[in-house]
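Okay, so here's the structure we're looking at.
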Amino acid sequence: MRLKHQSLSVGDADVTAAFYVTHFGYAVTKHQARPDAVRVVLERPDHRLQLLSGGSVPETEWRHHLAYVVAGGDFDLLSNVLPQLKAPYRLHPNGSRLFFALDPDGHAIEIIEEE
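Residue 1125 is where the sequence shown starts when you use the numbering used here, and the numbers rise one by one after that.
Structural data, given as structure tokens:
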């Protein structure tokens, strides 16, 4: 089983898309704009993320988040450029470092160092 895609309601789909393209290597594969809404589809070889703007943005809930496993060097880079919610990091049960950050719309992102 694999995750087909994740959909997030965001304040500005273009701003949030730029965040995920810059920091997580996504590519924009679809951009649909209507007068009342914007839909941006982002893809990586292993994941698809759909961003929807228009209407209200829901409050962040910790049970809803994106989790990424990254190599040690990338972990260090991201831990220096992303605003962390728990500084500087803590240990995952497997011994890897991890931290949580928020994207521009307040969605939680868990960054886990690869074992």
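Cβ coordinates follow ideal geometry from the N, Cα and C atoms, glycine included.
For clarity, every value in this text was computed on a predicted model and none was experimentally measured.
- Its chain contains Y1192 as the residues whose beta carbon lies nearer than 7 Å to that of F1148, once the 5 sequence neighbours on both sides are disregarded; these appear in chain order.
- Here the stretch 1155-1167 makes no contact with the stretch 1198-1209; the two share fewer than three CB pairs at distances below 8 Å.
- Unbroken beta strand (DSSP E) runs of no fewer than 3 residues, entirely contained in the stretch 1158-1208, are found at 1161-1168, 1171-1177 and 1189-1194, following chain order.
- Checking the DSSP bridge columns, you'll see F1224 partnered with E1234.
- With contacts defined by Cβ atoms closer than 7 Å, E1237 and R1221 form a contacting pair.
- The beta carbon of T1153 sits closer than 6 Å to those of V1165 and E1167, all from its chain and outside the five residues before and after it, given in chain order.
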